[in-house]
Structure formats: structure tokens, C-alpha cells
Amino acid sequence: MTASTEMHFSRRTLLQLSAAAGGLGAAFPAFAAPTLARTEKLQADLRGQPFDGNWLFFKGDGGGLAARSLNDAGWRPLDLPHDWSIEDRPGSDPALNGVIREADTAPFWQKPARSPRLIGPFDARVNDNQAYAHSASGAPTAFTVGGIGWYRKHFTMPPLATDTHVEVEFDGVYMAAQVWLNGTLVAEHPYGYTAFTVDLTPHLDSSGQNVLAVRVANIGRNSRWYSGSGIYRHVRLNILRPIRFEPCGLTVTTPKIAADAATVQVVARTANATPGSVMETYIRDAAGKIVARSSGPIGAPALIGVDRPRLWSPENPALYEVECLLIAGGRTVDRMTAPLGIRRIEIDAVNGLRINGKPYKLRGGCIHHDNGLLGAVAIDRAEERKVELLKARGFNAVRSSHNPSSPAFLAACDRLGMLVMEEAFDMWRVAKNPDDYSLYFDGWWKQDLAAMIRRGANHPSIFMWSIGNEIPERGDPDGVTTAKMLVDETRRLDPTRPVTQAVPGSPGPDVTGPDGKPDQAAYQYLDVAGYNYKLSSYERDHAKFPDRVMVGTESFPKDVDKVWQLTEKSPYLIGDFVWTAMDYLGEAGIGRTGLSGDKPGEAEYPWFGAGCGDIDLIGQQRPQSLARDVVWGLSPLEIAVQRPLPEGKRETPFLWGWRDELQSWTWPGAEGRILSVSVFSLADRLKVELNGRMIADQPVEPGKGAISQIDVPYEPGTLIVSAYAGGKQIGRRKLETAGGPAALHLAVDRKRITSSQNELVYVTVEILDKAGRLVPDAVHVMQAAVTGPVELVAFGNANPRGVASFRQPVAKTWHGRALAVLRPIGESGVATISIEAEGLSPAGAALMVGAATPRPRRQ
Numbered sequence: 009m010t011a012s013t014e015m016h017f018s019r020r021t022l023l024q025l026s027a028a029a030g031g032l033g034a035a036f037p038a039f040a041a042p043t044l045a046r047t048e049k050l051q052a053d054l055r056g057q058p059f060d061g062n063w064l065f066f067k068g069d070g071g072g073l074a075a076r077s078l079n080d081a082g083w084r085p086l087d088l089p090h091d092w093s094i095e096d097r098p099g100s101d102p103a104l105n106g107v108i109r110e111a112d113t114a115p116f117w118q119k120p121a122r123s124p125r126l127i128g129p130f131d132a133r134v135n136d137n138q139a140y141a142h143s144a145s146g147a148p149t150a151f152t153v154g155g156i157g158w159y160r161k162h163f164t165m166p167p168l169a170t171d172t173h174v175e176v177e178f179d180g181v182y183m184a185a186q187v188w189l190n191g192t193l194v195a196e197h198p199y200g201y202t203a204f205t206v207d208l209t210p211h212l213d214s215s216g217q218n219v220l221a222v223r224v225a226n227i228g229r230n231s232r233w234y235s236g237s238g239i240y241r242h243v244r245l246n247i248l249r250p251i252r253f254e255p256c257g258l259t260v261t262t263p264k265i266a267a268d269a270a271t272v273q274v275v276a277r278t279a280n281a282t283p284g285s286v287m288e289t290y291i292r293d294a295a296g297k298i299v300a301r302s303s304g305p306i307g308a309p310a311l312i313g314v315d316r317p318r319l320w321s322p323e324n325p326a327l328y329e330v331e332c333l334l335i336a337g338g339r340t341v342d343r344m345t346a347p348l349g350i351r352r353i354e355i356d357a358v359n360g361l362r363i364n365g366k367p368y369k370l371r372g373g374c375i376h377h378d379n380g381l382l383g384a385v386a387i388d389r390a391e392e393r394k395v396e397l398l399k400a401r402g403f404n405a406v407r408s409s410h411n412p413s414s415p416a417f418l419a420a421c422d423r424l425g426m427l428v429m430e431e432a433f434d435m436w437r438v439a440k441n442p443d444d445y446s447l448y449f450d451g452w453w454k455q456d457l458a459a460m461i462r463r464g465a466n467h468p469s470i471f472m473w474s475i476g477n478e479i480p481e482r483g484d485p486d487g488v489t490t491a492k493m494l495v496d497e498t499r500r501l502d503p504t505r506p507v508t509q510a511v512p513g514s515p516g517p518d519v520t521g522p523d524g525k526p527d528q529a530a531y532q533y534l535d536v537a538g539y540n541y542k543l544s545s546y547e548r549d550h551a552k553f554p555d556r557v558m559v560g561t562e563s564f565p566k567d568v569d570k571v572w573q574l575t576e577k578s579p580y581l582i583g584d585f586v587w588t589a590m591d592y593l594g595e596a597g598i599g600r601t602g603l604s605g606d607k608p609g610e611a612e613y614p615w616f617g618a619g620c621g622d623i624d625l626i627g628q629q630r631p632q633s634l635a636r637d638v639v640w641g642l643s644p645l646e647i648a649v650q651r652p653l654p655e656g657k658r659e660t661p662f663l664w665g666w667r668d669e670l671q672s673w674t675w676p677g678a679e680g681r682i683l684s685v686s687v688f689s690l691a692d693r694l695k696v697e698l699n700g701r702m703i704a705d706q707p708v709e710p711g712k713g714a715i716s717q718i719d720v721p722y723e724p725g726t727l728i729v730s731a732y733a734g735g736k737q738i739g740r741r742k743l744e745t746a747g748g749p750a751a752l753h754l755a756v757d758r759k760r761i762t763s764s765q766n767e768l769v770y771v772t773v774e775i776l777d778k779a780g781r782l783v784p785d786a787v788h789v790m791q792a793a794v795t796g797p798v799e800l801v802a803f804g805n806a807n808p809r810g811v812a813s814f815r816q817p818v819a820k821t822w823h824g825r826a827l828a829v830l831r832p833i834g835e836s837g838v839a840t841i842s843i844e845a846e847g848l849s850p851a852g853a854a855l856m857v858g859a860a861t862p863r864p865r866r867q
């Protein structure tokens, strides 16, 4: 759709759509209040008990909100994980989701006409009114709003022994969490990305009702990207005996690995262990079979042999589980498990990176922690799907920029075979924003670094630690001292993995490193030197520092070809992490594009997404991903067509941008104009045919790389590009002009799930013509309705400037697609989703929701 003016659906049409969906109402209210999880039945002497269900929430602040006696009947009930910044703002008009405006239809290089300043979670009024400055940061945080929120949970303990120890584990709260139990402040935790455990024992009422209250304060300018707000990761309760494992109390390593046997070492950290306490350790394979066991005194490392071990690697992520039983006085008093992947990692400048002796190049991507339309909530299936999408596009490594990952994400990386560079901090003592973590660094760095490493050390997917990203003071004496402090503590906690930091620009002055060799200030204490956007520095620095191992911790999408030509021929350069692998909320518009003569300037509202990911906000490939498919060998040939430009203009993508191009030969109004076709191939000859006529038959210049552009006069019909190497056809791609929009089509990622609220179903919506072809630029308003034991938790598209609510049953397509996300409500049965749009044949799908199967808790 190319209309440049707003298109409004009539109130009558919207009412009809609403009635068809079950009478949701003309105003399109937000999704109905969720069906809460059943009240947890707590058990004595059990760790890892789910504690996500049946919380109460209040957005705001005030005195007495932690009091046990507070009447909280008017608070909003919800289940965790929860992110209030992705929810609709007060005063947002739901009917705005049914309006098609210029930002939905205009080319990326065209500045769209004014969009609503308040719509869904987006509130651009924060730039107009300084009163909002305490809770919003504009473009960096996607024009969403933080603020202060309170959570309360009422719970009753089961009968307990007098010496019972009770603690609650938070996987992540953004940010500045304060925790009260029965009106008493019991813990504070500033950092929004590390897990923490709170001892509830001293203030617990074991005979009656207890009230846990959590104040969350996402205030000021504290983040350079969308952080979300709230208790956005899981919470668990541990009810334990006094003799117990400490939180994350197991460290599992593999000091010896051979084809016939491996030695597994298990070190346990315990509390109050008495003389004679014993630890029994079992190692189970993926089928649950015990393959090795040991028994020995607490305090001594357990050394266990595993015969003919299956080794973990990205291609074959073989996993074991370590189970440890703590036995005192002849009875088991605690149990803890840990994942185990038996693998050997070696890195040096001569042979590069090897895993189990096999050379690897890191096909890496940086990712932020959000899950697109869901916001920051770390629901297990959302984290797993992220890894699946990345694996499908050839990535074998991710960098957790710029904070520790959720446990669910790391577990998915373990299972699916994704290497992880786990990063601790985006800043140390020098601030990047006035209210960021630099305010807390001195008092909290050691605790937060330990939380990341203790939680992550047993995950085989983590192959490297990063102590920081683009640290302003990195080359100064104070920064070098801080780096040494962080590196030393990291190696003390985990001597088995290399350490890096991501360095842009200058690494500081030349120095003599601790090994007596020439080095540079920021790199001297690191095992691997991280390079951000320094493609031109690799070969020069290698000549000067031949023993330095380098990794591209960030690179521009446009450099994919040059980066990989250099990476593949250079053993000292072990890989590269593009910025970014997946599109994300915040850093609005850094992937934008413009026209010749435009001033770079800053991205303006309605941009809310970065617009730079290989994979977009709903999981679809963007054009740079097509190029990467070819460079990485996933495909011999891919093509995309640049959107027609104004006469006499050139497209000029900004630093992280890419040309506005689609896999489309449907360009109404461009008849007779010359269009630029991007051809991604490592072929030596390319042929282009249009409607049976040969348009081009040309060799590819040697050394040109994988990206070519060929001019083709546009006319509707069929465009065919063929690629040849050595006289043989290696690839053929076809684009056909689509007809008008005719029907909706739904693709459900899974037809059968459990009833666990850790599950999600992703439903891709497409607009097709009568021949079943995607209509590439179709923008339509849709209405969704669901039945059965699921709720609609997100509905929207990938447009990084298409501001809208993601919490309404009404959404628009963009580039012919949209995404609906369903979540079980904890019950079994058949669920359905149906979607309608005016003038199109509707579509529906069904899925089976079965009883949840509890998974063993891994730590």
C-alpha cells in the first residue's frame, strides 16, 4: 500500500470486526485480565519452587505500601514475569491501532507525517514535558516509560521445622529492587540484570499469612536501550534445612577429556555442614540414565570418571545433568542439579579457536535481552525461540550485550548448541547516562560479577566472559586498574574460560604487558582482545602484536563481506559479532536509511526500534541476513530489490543501516523505471531474465565478494536470477509480481504444547494474493480472537517506526506480515485463533494444550 495519507476504518467497520471476534467493543480494550496461575502449594524441604503466580501490582509509589496490613484488594493481579513498560500507557486510545498512517506505508528513507504522541506503550510527550524526565529517556529506550512500581504476594507456609531456612530467588528485576517481608526491608539490589537471593527466614511468620513486597524503581536516564521495567524474569522459593547448598552452590568442570574417558570435577559450596556430612553425586545422560556416580565428604572436590563421553559442541550439543545430594545424619537434606557439557576450548593466535580439537570461527551476533513485541519478559519459550531463529540463520555464537543473560536463555543455548560470550557491564565508574550503573559500581561490582559467573559457570554454551563494553575510561590509568581488578576476580571465580572486553576506538597508550611483551593499555590483562568497529585495525595490529588473539565484538551489517573474507583467512581473528543479530526495542532508528543530501541527524519519533537486526522484531529475515546466508554458505544465491527512489536521488544508509529492499517484484507505479536488484552470491557469473528476456549476462569481477547490484527496468511479471560458478549453475531465484490482497494465512510454530505458562505459540500472519503469493507491501488492519485455554499476549508487526499497542486484539500488517503470540493459562484443551481483515478471506488455526510436565530445576 502506497497511500501517503492516513486511512481510517469507519467506526461501523470496527464495530463489525469487534462483534465478529466476540464483542470486544468499539474501543478495543486491552487484552482481558489474564487468568492467573493456580496458587502454588509450597512444600517443605524443596528448592526451586515456582513463585511466579498470583502477585499483585500497583504502578506508582507511596508510603506504607510494604505494610503487611495494607488493603491491596484494588491492586492489579498478575503472574510473573512482567514488564510494565511494554503495556499501554494511561490515556492511550485503543482505537488508534485501527488507523493506517504514513509511518506504516512510507519508505524508510521518507520522514513520515506526524504520528500520535501517545499510543500503546509509546509516549513521545516525555520530550515535550520535563515532568516526565524522571521516568523516560526518549529514543534510547524506545519512547517508553519506566517509573516506580510495587509488587505484593500473599503466601502461606506449610508446617515447618523451627530451624527451616527460607529464601527467595529473583532471576532479574529492572531495577533498584527493594524487598520487604511482612513490612520489614530485607534486601536491596540495584543492578537490573543479575540474579539475587534473599533470606526470608528472620522475618517469616511460619504459622500464618506472609506478605512479600517488592518496590522497583526504573527512574532517571539509566539505560542506552530498552530495558523494560519490573520483575521481568522468574522468581522461585527455596524451603531448606539449615544444612544446605549455597545459592548456585555447584561448580562443575572437566579437567581431563579424552575419547575413552573424561574426568568431571564437582565442587560444592555449602552452609552449616557438620562433620560427617556426605555428598552423593550422580551424572545422568540426556535419557536420564546414570552413567557415573561418586560419594565423598563435603569440602572435598568430587572427581568422577565418565566413560566414552559424548562431547558438547555447537553441532552436537550433548548434555548431561549433575545431581548432588547433601546427606547429613543419614538423611538427604538438600538436592541441587547443574547442567554438564563435556567440551574442551582452546584459543591462541596461531591456531585460532578450537572446540574439542576442531577449528571454529565465531559466526556471532550481538543481542539485547528484549523479546520484541513481548518487551523484556523472559518467558522460557521466548528465550528458546530466539536461539532457534539465530541457529536457523547460521549463527553459532551470541554476545549478551551488554548484561548477563536470563537462565532460560542460557539453558536454551546449552540445549541447542549456541556459544555465548557473557557480558557483565556496559559501564564501570564513568557514566554513560546520569543515573546508570556507574552510581552503584563501587559498592556492587564484586557481588554482581560473582552472580553472573556463579550462575553461568556450569553452562557449556558460555565460552568466554566479557568484563565490559565500550568503557569510556578503558585506556586511562584508573580504567586499566579497574580492568585488572575485574579480570583477576573473574579468573578467581572461573579459571577455565578466557576473558575479554569490547573496545572501540583507541585502546590507550602502548605499554609493556604483564607478560613482558608489547601491548596496549586496555588489552594488556585480557586473554582475547575485543574490537568494536575496527575492521581496518586487525592486520595492522596483528603485525605489531602477533601473539594477540582478536575477536570482532561489534561490526556494521554493511561490512559482512569484508569482515568474513578477513576472518576466514586469519587464525588470530577468531570470529565476529554483528550489531545486531536480532532487531530490538530502543536505540531508535540507528538502522535507518536516508537519501543523498539528507543530514544524518538523530532518529526522530515515531522510530522506536533500532531497525538494524539481521532478524526483525517478529522473526523474519531482513535483507542483510540474505547476504549473510550467502557469505556463511547457507545459500548459494539470494536476491532483493531496492525500493524505487525519487528521481535523481541515491539511498544513503546510516552506519548500521541497509538499503530499503525487499524480496519483491511488486512495485506498482514504477513501470518503466530502472530498479536496482541486489544479488548475493559467490558466483563468477550472473544472469538476469525478465519475462523470458535476458536482461544481463555478466561475469562477477574477481575479488568483488558476495554482493552485486544489477539494474533492471521494471515491468510486472517474473524476474529470474541465476548464478554460475565454473560454468555450472549453482543457484536460481525467482520473484513474481503479486496480485491484489485476497486472503489471510496463518502459520503456527507449534500445534501441540503443554499448559505451562512458560510456553508460547507464535502465529505468523501473512496476506496472500489469489495465487497464494505474499503481497509484500500489504498493510491491513486485522482483528484477532482466541478461544480455549490460551490468551493473546502480543499482536503486532516488525515495523520499527510503526508505533502501536502490542496489547490489543487489533493490529496491522507490515510488509504483508504480522505476528500473534499466544500463552497458555494453565489449563488443558483445544485452543483456537481466528483473524479477520476487511476485504480478505479470514484465517484460523487450532492447537492442543496438554498437561504441563515439570522440568527438573537446573542451576
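Residues are numbered in the numbering used here as their position in the sequence shown, beginning at 1, plus a constant of 8.
Just so it is clear, CB atoms sit at the ideal spot from N, CA and C, and this is done for glycine as well.
The structure displayed is predicted, hence computed values, not measured ones.
Can you say whether Gln3 is buried or exposed, counting buried as having 16 or more other CB atoms within 10 angstroms of its CB? No information on residue 3 is available, as it lies outside the stretch 9 to 867 that the chain covers here.
State buried or exposed for Thr345, treating a residue as buried only when at least 16 other CB atoms are found within 10 Å of its CB. Residue numbering aside, residue 345 sits at position 337 when the sequence shown is read from its first letter. Buried.
Whole-number beta carbon distance between Arg292 and Pro468, since they are thought to touch under 8 Å: Along the sequence shown, one-based indexing puts residue 468 at 460. Along the sequence shown, one-based indexing puts residue 292 at 284. Actually they are not in contact, since the Cβ atoms of Pro468 and Arg292 sit about 15 Å apart, beyond 8 Å.
According to the neighbour-count rule (16 or more other Cβ atoms, all chains shown, within 10 Å of its Cβ), is Thr164 buried or exposed? Within the sequence shown, residue 164 is the residue found at index 156, counting from 1. Thr164 is exposed by the Cβ-count criterion.
Skipping 5 residues on each side, what residues in its chain have a beta carbon closer than 6 Å to that of Gly641? Looking up residue 641 in the sequence shown gives position 633. There are no such residues.
If you follow the alpha helix (DSSP H) that Pro485 is part of, which residue opens it and which one closes it? Numbered from 1 along the sequence shown, position 477 holds the residue referred to as residue 485. Start and end: Pro485 to Leu501.
Here's the rule: buried if 16 or more other CB atoms are within 10 angstroms of the residue's CB, otherwise exposed. What is Asn105? As a working mapping, residue 105 is identified with position 97 in the sequence shown. The residue is buried, with at least 16 neighbouring Cβ atoms inside 10 Å.
Taking DSSP's pairing of strands, which residues face Phe403 in a bridge? In the sequence shown, residue 403 corresponds to position 395, counting from 1. Answer is none; Phe403 lacks a bridge partner.
Hey, how far is the Cα of Lys695 from the Cα of Tyr448? As a working note, residue 695 is residue 687 in the sequence shown. As a working note, residue 448 is residue 440 in the sequence shown. Looking at the two C-alpha atoms, the distance is approximately 60 Å.
Would you tell me roughly how many angstroms separate the C-alpha atoms of Lys566 and Ala806, rounded to the nearest one? Here residue 566 refers to the residue found at position 558 of the sequence shown. Here residue 806 refers to the residue found at position 798 of the sequence shown. Their backbone Cα atoms lie some 21 Å apart in a straight line.
Alpha helix (DSSP H) segment containing Tyr546, residue limits: As a working note, residue 546 is residue 538 in the sequence shown. Taken as a continuous stretch (DSSP letters only), the alpha helix (DSSP H) holding Tyr546 covers Tyr546 to Lys552.
Enclosing alpha helix (DSSP H) for Asp112 [first to last residue]: Here residue 112 refers to the residue found at position 104 when the sequence shown is read from its first residue. Per DSSP, Asp112 belongs to the alpha helix (DSSP H) from Glu110 to Thr113.
Quick one: measure Cβ to Cβ for Leu220 and Glu175, integer angstroms, because I've assumed they're closer than 8 Å. Walking along the sequence shown from the start, residue 220 turns up at place 212. Walking along the sequence shown from the start, residue 175 turns up at place 167. Actually they do not touch by this definition, with Cβ atoms about 12 Å apart.
Note down the Cα distance separating Ala491 from Ser409, rounded to an integer number of angstroms. On the sequence shown, position 483 is the one that residue 491 refers to. On the sequence shown, position 401 is the one that residue 409 refers to. If you take the alpha carbons of Ala491 and Ser409, they lie about 18 Å apart.
Does the Cβ of Lys552 have 16 or more other Cβ atoms within 10 Å, making it buried, or fewer, making it exposed? Start at 1 with the first residue of the sequence shown, and residue 552 comes out as number 544. Exposed, by the Cβ-count rule.
Got a sec, what are the start and stop residues for the alpha helix (DSSP H) Gly451 sits in? Here residue 451 refers to the residue found at position 443 when the sequence shown is read from its first residue. Run containing Gly451: Phe449 to Gly464, per the alpha helix (DSSP H) assignment.
In three-state DSSP terms, what is Val801? Taking the first residue of the sequence shown as 1, we reach residue 801 at position 793. The answer is strand: DSSP assigns Val801 an E or B state.
Which value, in whole angstroms, describes the spacing of the CA atoms of Ala793 and Gly619? Reading the sequence shown from its first residue, position 785 is the one you call residue 793. Reading the sequence shown from its first residue, position 611 is the one you call residue 619. Cα to Cα, the separation comes out at about 29 Å.
Give me the Cβ distance between Phe616 and Leu645, rounded to the nearest whole Å; I'm assuming they're in contact under 8 Å. Taking the first residue of the sequence shown as 1, we reach residue 616 at position 608. Taking the first residue of the sequence shown as 1, we reach residue 645 at position 637. Not confirmed; about 34 Å, so no contact.
Alpha carbon to alpha carbon, how far is Val286 from Arg343? Here residue 286 refers to the residue found at position 278 of the sequence shown. Here residue 343 refers to the residue found at position 335 of the sequence shown. Going from the Cα of Val286 to the Cα of Arg343 covers about 12 Å.
Please determine if the region 821–833 and the region 763–771 are in contact, where contact requires at least 3 C-beta pairs separated by less than 8 Å. yes
Test item: CB-CB of His823 and Pro784 under 8 Å: Position 815 of the sequence shown, counted from the first residue, corresponds to residue 823. Position 776 of the sequence shown, counted from the first residue, corresponds to residue 784. Yes, Cβ-Cβ distance for His823 and Pro784 is below 8 Å.
Nonlocal neighbours in the same chain, by C-beta distance under 7 Å from Gly621, ignoring five residues either side: Against the sequence shown, residue 621 aligns to sequence position 613. Answer for Gly621: Thr588, Ala589, Met590, Asp591, Tyr592 and Arg630, listed in chain order.
Neighbourhood of Thr278 by C-beta distance below 6 Å, restricted to the same chain and skipping five residues each side: By 1-based counting over the sequence shown, the position of residue 278 is 270. Excluding sequence neighbours, Thr278 sits near Phe253 and Ile306.
Among the candidates Leu50, Ile156, Ala596 and Arg122, whose CA atom is the shortest distance from the CA of Leu245? Within the sequence shown, residue 245 is the residue found at index 237, counting from 1. Closest option to Leu245, Cα to Cα, is Leu50.
Considering only the beta carbon of each residue, do Val181 and Val222 sit closer than 8 Å? Position 173 of the sequence shown, counted from the start, is the residue given in the question as residue 181. Position 214 of the sequence shown, counted from the start, is the residue given in the question as residue 222. Closer than 8 Å, so yes.
On the three-state DSSP scale, how would you describe Arg831? Position 823 of the sequence shown holds residue 831. Residue state, collapsed to three classes: strand.
Within its chain, find whatever has a CB closer than 7 Å to the CB of Pro850; leave out the 5 residues flanking it on each side and keep chain order. Here residue 850 refers to the residue found at position 842 when the sequence shown is read from its first residue. Closer than 7 Å at Cβ, skipping near neighbours: Leu752, Ser842, Ile843 and Glu844.
Does DSSP put Ala103 in a helix, in a strand, or in coil? On the sequence shown, residue 103 is found 95 positions in, with the first residue counted as 1. Ala103 falls in the helix class under three-state DSSP.
Note the first and the last residue of the continuous beta strand (DSSP E) segment covering Asp69. As a working note, residue 69 is residue 61 in the sequence shown. Asp69 -> no beta strand (DSSP E), and no H or E assigned at all.
Indicate the three-state DSSP secondary structure (helix, strand or coil) for Val571 in the structure shown. In the sequence shown, the residue the question calls residue 571 occupies position 563. Helix.
On a CA-only basis, which of Arg556, Ile475, Gly680 and Thr674 is nearest Gly748? Give me that one, please. Position 740 of the sequence shown, counted from the first residue, corresponds to residue 748. Of the listed residues, the one whose Cα sits closest to Gly748 is Thr674.
What is the DSSP secondary structure of Tyr531, reduced to helix, strand or coil? The residue labelled residue 531 in the question sits at position 523 within the sequence shown. Reduced to three states, the DSSP call for Tyr531 is helix.
Thinking C-beta only, is Phe814 closer than 8 Å to Ile363? The residue labelled residue 363 in the question sits at position 355 within the sequence shown. The residue labelled residue 814 in the question sits at position 806 within the sequence shown. Not a contact, by the Cβ cut-off of 8 Å.
Is Arg667 helix, strand or coil by DSSP? On the sequence shown, residue 667 is found 659 positions in, with the first residue counted as 1. Three-state DSSP puts Arg667 in coil, outside helix and strand.
Taking DSSP as the reference, what is the three-state secondary structure of Ala854? On the sequence shown, residue 854 is found 846 positions in, with the first residue counted as 1. It is a strand residue.
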